[in-house]
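Peer 1: Chains as they are written, first to last, in this note's numbering: chain V, -6 to 291; chain E, 4 to 339.
Handing you this structure, nothing more for now.
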Amino acid sequence: MTVANEKTALGFFEKNKPYIDDLKHTVFLFRKSKLTMVGFVLIVIFLLVAFLGPLFLPYDPIAQNFAVRLQPPSQEHLFGTDQFGRDIFSRVIQGSRMALWIIFLVSAISGLLGTTVGIIAGYFGGLIDDIIMRITDMFLAFPSLVLAMAFAAMMGPNFTNTIIAISLVNWTTYARLARAEAMKVKEQPYIEAIRSVGAGTGRILFLHVLPMCISPVIVQLTLRMGTIILTAAGLGFLGLGVQPPTPEWGAMVSDGRNFLVDQWWISTFPGFAIVFVVLGFNLLGDGIRDMLDPRLRR
Amino acid sequence: MNIWKYLIKRILLMALVLFGVACIVFFIAHVIPADPVGAILGGNAPPEKIDKLRAQLGYDRPLIEQFFSFLKGAVVGDFGVSIKTNNPVMTDIGIYFPATIELALVAIIISIVLGVFLGILSAVHRNKMVDNFSRVFSILGVSMPVFWIGLILILIFYYKLDWLPGGGRINFFLDPPQRITGMYLFDSLFTGNWEVFRDALLHILLPAFVLGYNSTASIARITRSSMLEVLGQEYIRTAKAKGLKKRLVIYRHALRNALIPTITIIGLVFGGLLEGAVLTETVFSWPGLGRYITAGLLSLDYPAVMGGTIYIAFIYSLANLAVDFLYALLDPRMRT
C-alpha cells in the first residue's frame, strides 16, 4: 500500500516535472523582481485591511460628531476628522471594503459577460461575429469614463449602478480577447472530435471552448483592476458614484475640496489610499505581464 | 489595398459606429430613466406643468418617432436646446469645446516632450538612478487619480507657494482676447496681446501637466522599451564601432526607429486625455466640454448630455481614424 502510494507520488512528480520546473521558474522570476514583490505586498496589505480592518475601527465611519469637526491628525484621530466630525482613518479603512467590493463585482460581471459574448462571437463567426464586434466598436467609441458617467447618472448614482456602469464599459476588452482565443480553439481537431460524437453546441462552448479562453481573460482582469478603482473613484469624485455618507475614497477626496487650504488632510488621506492600492495592482500587473511574456521569460 | 479605398472603408465604418453611438446615447437618456420629465421637475411637480414640459420637449410622442427626429437632428448637429443654458446645444459646444481642445493640445505637447525625453534617458542609462527615477515617476503617473494630483498641486503651487493660479482660464480682471479660435493662447498670440497670453499660459500650465501626466507615463514607458530594443540591434553597434559620437547614434540612428511605437501610443492616449479632461476641468474650474457634460448630468439636462456625449465620441473616433490612417500611410501591412 505504502509502496504503491510512493510510486504514484513519484510518478506524479516525474510526469509533471516540466510543469513544476516552470512553476519554480515563475516563482523565481517573481521573487527576483523587487517591484513586483512590492506590488504583491501592497495588495496583501490592502486585502488584509479590507477583510479585517472594519472589525477594529476606532470610530463609527458614518456617525457625525460636531464637537470634533475639522480636527487635524492627532493621537485620537490618526488622519484627522472631516467637516461632520467623522474620523477619516475609520472612513478610509471602511472605504477599502467598498473598493474591494467594486473590484470584485465589476471584474466578475464584466469578465463573465465579456467572455460569454466573446466566445459566442468567435465560435459562430459570420454574421453573429460581425454584429457583436460592431457593438463592441460602438462601446469603444466613447472615452470609458464619459460612458460610465452617463450610465451612472441616468440610472441614478448609487453603489449598484456604479458597478453596472463600470461593468458595461469594461466588458468589451474581455469580449475581444475571448473571441480571439475562441477563433483559434474552434479550429482544433478535438473540437471536431467532440462534435462528431454528438455533443451539443452549449456543451462544446462552455465545457470545451470556454476553459481554453479563460486564462488570457483572467490575466487581463488582474491588469485592469487598478483602472477599475480609478474609474470608480472618478465617478465618486464627480458625485456620480457611491453616494455619501457611505465612505468611498473618490467621494471623500471631493468632500475635502472646499477645505483644501486649511484642512488639507480631508482630501489627502483618501487619495493616498487610492494611490496605495492602484500602485499595488499596477506593479503586480506589470510583473505578471513580464512573467508571462515568453520573450522576457528566459 | 489602395490607401484611398482603405480610407473610405474606414469612414463608412465610422459612420456606422456613430449611428450605434447615437443609439446608445438615446437609449441611456430615454429608455433607462422611465420618466425624464419627472426627473427634471422632481416628484411633486403639478401635473399640468409636467404635461407642458413633456409636450415642449417632445416627450409625449412615441419613442420611435422621438428617436428618428433625434437622429435627423444629430446628423446635421442639431441636438436641441439645453434646458439649463437655453442655448442650442451645438452653440454651447462651440463655446466650451475650444477650451477643452486647448487644454488637451498643451497637455499632449507637454507629455510628448517630457515622455520622450524621460524614455530616452531611461533607456540610455538603463538600471541607473535616472532610470529608476523615471520608472517610479511613470508608474505613479498611471496610479494616481487625476483629480487628486490636481488638488495636491493646487494646494502646493497655488495656496502654499503662490507661483501659479489655482483655476480658471484667465485672471478675473483681464478681458479674454478677441475670439478667433476660442483658444485663449492662440487668440492672444494672433492679436499680439502679450499680457493676456502670459496670463493664459500661466493658467494652463498646471491643468495641462495634470492632464498630461498619465500620458507622459505611457509615452515614457513605450519610448524606453522600444529604445532599448533598437539600441540592442546590430546597426547601432556598427554605428558605434564606426566611432560616431554617442549623441549622434542615439538621436539620429536609434531614436528615429524607436519613435514608431511612440506615435501609436500618442494616438491611444488621446482618448485618455478626453477622459481625464472631465476630471481635470472639474478640479481646475476649467470651462470646457467635460465640465459642461458633468454639469448636464448632475442637473439632468438631457439635450446637453446627449449632444455633448455624442460630440466627444465623434471627436474620439475622428482621432482614432486619423491615427489609423497615418499608420496605414506609414505601414502598408496595416491596410486590411
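A virtual CB, placed ideally from N, CA and C, is assigned to each residue, including glycine.
Quick caveat, the model's predicted, so the values are computed rather than measured.
Which residues mark the beginning and the end of the alpha helix (DSSP H) in which E:Gln69 is found?
Peer 2: That run of the alpha helix (DSSP H) goes 66 to 78.
Peer 1: Just to confirm my understanding: we take V:Met148, look at its own chain, exclude 5 residues before and 5 after, and list those with CB closer than 8 Å. What are they?
Peer 2: Taken in chain order, the residues that qualify are Asn154, Ile157, Ala158.
Peer 1: Please look up how many angstroms separate the CB atoms of V:Gly111 and V:Ala60, rounded, as I've assumed it's under 8 Å.
Peer 2: The Cβ separation is near 55 Å, so there is no contact.
Peer 1: What's the call for E:His256, buried or exposed, on a 16-neighbour Cβ count within 10 Å?
Peer 2: Burial call: buried.
Peer 1: If we call anything under 7 Å between Cβ atoms a contact, is V:Ser260 one with V:Gly249?
Peer 2: In this structure, V:Gly249 lies closer than 7 Å to V:Ser260 by Cβ.
Peer 1: Is it right to say E:Ala102 is buried, meaning 16 or more other beta carbons lie within 10 angstroms of its own, or is it exposed?
Peer 2: Buried, since its Cβ has 16 or more Cβ neighbours within 10 Å.
Peer 1: Tell me whether the beta-carbon of V:Phe262 lies closer than 7 Å to the beta-carbon of V:Ile81.
Peer 2: In this structure, V:Ile81 lies closer than 7 Å to V:Phe262 by Cβ.
Peer 1: Starting from the C-beta of V:Arg31, find all residues in its chain whose C-beta is less than 6 Å away, skip the five residues before and the five after it, and write them out in chain order.
Peer 2: A small correction: the amino acid at residue 31 of chain V is Val; Arg does not occupy that position in the sequence shown. Hits under 6 Å: Leu276.
Peer 1: Mind checking the stretch 204 to 234 of chain E against chain V and listing, in chain order, the residues whose C-beta falls within less than 7 Å of any C-beta there?
Peer 2: Taking 7 Å as the Cβ-Cβ cut-off against chain V, none of the residues of the stretch 204 to 234 of chain E qualify.
Peer 1: Who does V:Asp80 pair with in a DSSP beta bridge?
Peer 2: For V:Asp80, which the question treats as bridged, DSSP gives the partners V:Thr74.
Peer 1: Straight-line CA distance for V:Met(-6) to V:Glu7?
Peer 2: For V:Met(-6), the predicted structure reports a pLDDT of 42, less than 50, and the residue's modelled location is therefore unreliable. A value from the coordinates is still provided. Whole-angstrom Cα-Cα distance: 20 Å.
Peer 1: What span of residues does the alpha helix (DSSP H) with V:Lys179 cover, start to end?
Peer 2: Note, V:Lys179: premise wrong, no alpha helix (DSSP H); not H, not E.
Peer 1: Roughly how far, in whole angstroms, is the beta-carbon of V:Lys179 from the beta-carbon of V:Tyr116, given that I think they are within contact range, below 8 Å?
Peer 2: V:Lys179 to V:Tyr116, Cβ: 5 Å. Contact.
Peer 1: For a cutoff of 7 Å on Cβ pairs, would you count V:Asp294 as touching chain E?
Peer 2: Past the edges of chain V, shown from -6 to 291, lies residue 294 of chain V, and the structure says nothing about it.
Peer 1: So, is the C-beta of E:Met132 closer than 7 Å to a C-beta in chain V?
Peer 2: Chain V contact via Cβ: absent.
Peer 1: Can you name, in chain order, every residue of its own chain whose Cβ lies under 6 Å from the Cβ of E:Pro298, other than the five neighbours on each side?
Peer 2: Reading off the sequence, residue 298 of chain E comes out as Ala, not Pro. Excluding sequence neighbours, E:Ala298 sits near nothing in its chain.
Peer 1: Nearest to V:Met284 by alpha carbon, out of V:Thr29, V:Ala175, V:Pro11?
Peer 2: Selected option, being the one with the closest Cα: V:Thr29.
Peer 1: Could you tell me how far apart the beta carbons of E:Ser114 and E:Gly270 are, in whole angstroms, since I believe they sit closer than 8 Å?
Peer 2: At roughly 13 Å, the Cβ-Cβ gap does not stay under 8 Å, so E:Ser114 and E:Gly270 are not in contact.
Peer 1: As a quick exercise: from V:Ala225, V:Met218, V:Glu241, pick the residue whose alpha carbon is nearest that of V:Val271.
Peer 2: Looking at the Cα atoms, V:Met218 is the closest of the given residues.
Peer 1: Just to make sure I have the definition right: I need the residues of chain E whose C-beta is within less than 8 Å of the C-beta of V:Asn275. Which are they?
Peer 2: Under the 8 Å cutoff, chain E gives Ile142, Val145, Ser146.
Peer 1: Give me the subset of the stretch 37 to 54 of chain V whose CB atoms are less than 7 Å from a CB atom of chain E, sorted by chain position.
Peer 2: Those residues of the stretch 37 to 54 of chain V that come within reach of chain E (Cβ to Cβ, closer than 7 Å) do not exist; the list is empty.
Peer 1: Based on DSSP bridge pairs, tell me the residues matched to E:Pro50.
Peer 2: BP columns for E:Pro50 are empty, so no partner.
Peer 1: Please return the same chain residues whose Cβ sits closer than 6 Å to the Cβ of V:Ile102, not counting the five positions on each side in sequence.
Peer 2: So the qualifying residues of the chain are Ser160.
Peer 1: In this structure, does DSSP put V:Pro209 in helix, strand or coil?
Peer 2: The answer is helix: DSSP assigns V:Pro209 an H, G or I state.
Peer 1: Tell me which same chain residues have a C-beta within less than 6 Å of the C-beta of E:Gly185, skipping the five on either side of it?
Peer 2: Cβ neighbours of E:Gly185 beyond the five flanking positions: Pro101.
Peer 1: Let me know the secondary structure DSSP gives V:Pro204 once reduced to three states.
Peer 2: Helix, per DSSP.
Peer 1: Let me know the secondary structure DSSP gives V:Pro150 once reduced to three states.
Peer 2: The answer is coil: DSSP assigns V:Pro150 none of H, G, I, E or B.
Peer 1: Using only CA atoms, which one of V:Gly280, V:Ile281, V:Gly278, V:Gly273 lies nearest to V:Val37?
Peer 2: Nearest C-alpha to V:Val37: V:Gly273.
Peer 1: On the DSSP bridge assignment, give the partners of E:Val84 in chain order.
Peer 2: Answer is E:Pro91, bridged to E:Val84.
Peer 1: Whose Cβ in chain E lies nearer than 8 Å to the Cβ of V:Trp257?
Peer 2: Ordered by position in chain E, the residues that pass the 8 Å Cβ test against V:Trp257 are Leu158.
Peer 1: In chain order, what residues of the same chain lie with their CB nearer than 8 Å to the CB of V:Val(-4), ignoring the 5 residues before and after it?
Peer 2: Bear in mind that the predicted position of V:Val(-4) carries a pLDDT of just 48, short of 50, making it too unreliable to give a figure here.
Peer 1: Using the Cα positions of V:Leu41 and V:Glu185, report the straight-line distance between them to the nearest angstrom.
Peer 2: Their Cα atoms are separated by approximately 47 Å.
Peer 1: How big is the Cα-Cα spacing for V:Phe144 and E:Tyr305?
Peer 2: If I take the Cα positions, the gap works out to 13 Å.
Peer 1: Would you mind sorting V:Arg84 into buried or exposed? The rule is 16 or more other CB atoms within 10 Å of its CB.
Peer 2: V:Arg84 is buried by the Cβ-count criterion.
Peer 1: DSSP state of E:Ser288, grouped into three classes?
Peer 2: In this structure, E:Ser288 counts as coil in the three-state DSSP scheme.
Peer 1: Taking only runs of the alpha helix (DSSP H) that begin and end inside the stretch 232 to 290 of chain V, which ones reach a length of at least 4 residues, in chain order?
Peer 2: Runs of the alpha helix (DSSP H) inside the stretch 232 to 290 of chain V: 242 to 248, 258 to 285, 287 to 290.
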